[in-house]
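Respectively, the protein sequence lines represent chains A and B. Residues 378 to 495 (the numbering used here) make up the first sequence, in order. Residues 378 to 495 (the numbering used here) make up the second sequence, in order. Note that the Cβ used here is the ideal one computed from N, Cα and C, for glycine as well.
There are 2 protein chains.
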Amino acid sequence: MPNSSDPIFHCPIGGTLEVIAGRWKPEIIWNLQEGPMRFNELKRRIGTVSQKMLTQQLRELIRDGLVIRTQFAEIPPRVEYEQTDLAKSLTPVFEALINWSDAHGGAVAQNRANYDRE
Amino acid sequence: MPNSSDPIFHCPIGGTLEVIAGRWKPEIIWNLQEGPMRFNELKRRIGTVSQKMLTQQLRELIRDGLVIRTQFAEIPPRVEYEQTDLAKSLTPVFEALINWSDAHGGAVAQNRANYDRE
């Protein structure tokens, strides 16, 4: 059985980043915290994401086991996406990311502005 | 003055990810924890990174204020890279990333294997 010493997780920091660092993944997971959601509802909430990109990012999240796709036998067919317990276990990670952004995001923006001016 | 409500930080999770999620950035910051280091020493430790990529990632880390580049007036000139206090403040973020990888990396690898088999 694979474990955290497998090649894809050769760097433990990079392993988690590989799961969450897709361009739209944090926003997808964030929005799915509110409950199961249809594709168009998710797309509307995220706003600027293209249909192709959202499809691709959802597929990767499904592959990693963070999102479940359920197709209901209705006419017209209804498909919903929802987060798994594995996605919920990311809460402390997201909290750490948000805390750092809140505390140091301003400094980073200032550093970038200074660097670009020189 | 820029702050965390600026566009680059419109998503607080994504803001921090944008700073740390470069392909080699976690490993660069991780290695620089041990103290100031010359380019070739850093490259040797990371192993598979190309000179071009390491240069580029270091430049971004310098721009964001996570790494300082110091050139000493010696012959031949000596250049050292070291982490800043801002980089050190990422410790709780890295701990959260490592903890999640340790706890759930095996599950992710298993999910991927299952998905790819279907």
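Item: Selection of the stretch 464-490 of chain B by Cβ proximity to chain A, strictly under 8 Å; Value: Ser466, Leu467, Pro469, Val470, Phe471, Glu472, Ala473, Leu474, Ile475, Asn476, Trp477, Ser478, Asp479, Ala480, His481, Gly482, Gly483, Ala484, Val485, Ala486, Gln487, Asn488, Arg489 and Ala490
Item: Test item: CB-CB of B/Met430 and B/Glu457 under 8 Å; Value: no
Item: A/Ile500 burial status per 10 Å Cβ neighbour count (16 or more: buried); Value: With chain A running from 378 to 495 in the structure shown, residue 500 of chain A is simply not present.
Item: Contacts of A/Thr393 in chain B (Cβ-Cβ under 7 Å); Value: Leu474, Trp477 and Ser478
Item: Where A/Thr425 falls: helix, strand or coil (DSSP); Value: coil
Item: Beta-bridge partners of B/Met414, as assigned by DSSP; Value: B/Tyr458
Item: Check: B/Asp441 C-beta below 7 Å from any heavy atom of the ligand FMN; Value: Looking for the ligand FMN in the displayed structure turns up nothing, as the structure carries no ligands at all.
Item: Euclidean distance between Cα positions of B/Lys420 and B/Gln428; Value: 7 Å
Item: Beta bridge counterpart(s) of A/Val444 as assigned by DSSP; Value: A/Gln460
Item: B/Gly442 beta carbon less than 8 Å from that of A/Asn488; Value: yes
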